[in-house]
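Only one structure is covered here, and it is reproduced in the block below.
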Amino acid sequence: MEGALSDGSGHPILLTASEIARRVTALGQEISKDYSGKEVVFVVTLKGAFVFASDLLRHIESTLDAKVDFVQASSYGNDLVSSGSVRVLGGDTSMIRGRHVLVVEDIIDTGRTIATLIERLHGLDARSVEVVTLLVKDREVPDRPAARYVGFHIPDVFVIGYGLDAAQKYRHLPEVHVLTDK
Ligand code: 5GP
Ligand code: MG
């Protein structure tokens, strides 16, 4: 992390576009190596992971037998605080059965969203279920599922940009910023 630069959004930058690009390239290479010779379905969680997924997928080796699917996972309740129950919409269930699944997530906070998705995908008889997440928040959460691939561990702050929103805004920012109230 290169420190508190800012830009036109007024929210300080936590991760620059070039830091993210370097890490995403490395994740793509690692995943390509690990899944070499296997059939893998990338399950992208909308909306937040759409930017990360589109960059990551372009760093997956062209020789890999990869498919892409999308689900929408959302928790009920307040925008800035995760609530208890998670709703999962969409997803082509026939694509999952018997296949290695790699969930592409934007951020793991309490872990409830990812736990629900992992359970759902096992329920659809995936051959294996692993997670790649751009961000994990550093905080003590008992039994939080571990992602096999993590872009960055970040402090327990609310972040926006690079796909992540606050009330649907800021998804287009190329960097990850800390949301500050202005
Ligand atoms: P969890 O279920 O792990 O508590 O939360 C995961 C979901 O909550 C993420 O996929 C994301 O949609 C949302 N979320 C958690 N922390 C943040 C954050 O700092 N910024 C944004 N924009 N969304 C977050
Ligand atoms: Mg998400």
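Using my numbering, the first residue of the sequence shown is number 1303, and each one after it goes up by one.
The beta carbon of each residue, even a glycine, is placed where N, CA and C say it ideally should be.
Bear in mind the structure is a predicted one, so any value in this text is a computation, not a measurement.
Assumed close pair residue i, residue j - CB separation to whole angstroms, cut-off 8 angstroms
i	j	result
L1481	V1461	7 angstroms
Contact set for residue i: own chain, Cβ-Cβ below 8 angstroms, skip 5 residues either direction
i	result
H1424	V1431
R1399	L1426, D1427, A1428
R1360	G1330
Per DSSP, cross-strand counterpart(s) of residue i
i	result
R1389	S1376
H1402	V1342, S1430
L1437	I1409, F1454
H1479	I1315, I1462
K1471	A1468
T1327	Partner(s): none; T1327 has no beta bridge.
T1347	V1373
Reduced DSSP secondary structure (H/G/I, E/B, other) of residue i
i	result
D1357	helix
D1367	strand
F1454	strand
F1352	helix
T1421	Looking at the sequence shown, residue 1421 is not Thr but Glu. In this structure, E1421 counts as helix in the three-state DSSP scheme.
E1442	coil
I1333	helix
I1362	coil
6 angstroms Cβ shell around residue i - same chain, five flanking residues per side excluded
i	result
I1478	Per the sequence shown, the amino acid found at residue 1478 is Val instead of Ile. Answer for V1478: L1316, L1317, V1461, G1463, Y1464, listed in chain order.
R1389	S1376
H1402	K1340, V1342, R1429, S1430
Contact with chain B by residue i, beta-carbon distance below 9 angstroms
i	result
R1325	Here chain B cannot be found, since the structure has a single protein chain.
Which listed residue (the options) has its alpha carbon closest to that of residue i
i	options	result
D1445	A1428, L1436, R1414	R1414
I1409	T1347, E1421, H1402	T1347
I1416	A1355, A1468, E1341, A1375	A1375
P1457	V1443, Y1451, K1439	K1439
D1394	D1483, D1371, V1443	D1371
I1487	G1312, P1314, F1344	Absent from the structure is residue 1487, since the part of the chain shown begins at 1303 and ends at 1484.
F1352	T1435, E1442, R1422, S1338	T1435
V1443	D1336, D1411, Y1337	D1411
Cβ neighbours of residue i in the same chain (closer than 7 angstroms, five flanking residues each side left out)
i	result
I1362	G1330, I1333, S1334, A1368
H1313	I1462, H1479, V1480, L1481, T1482
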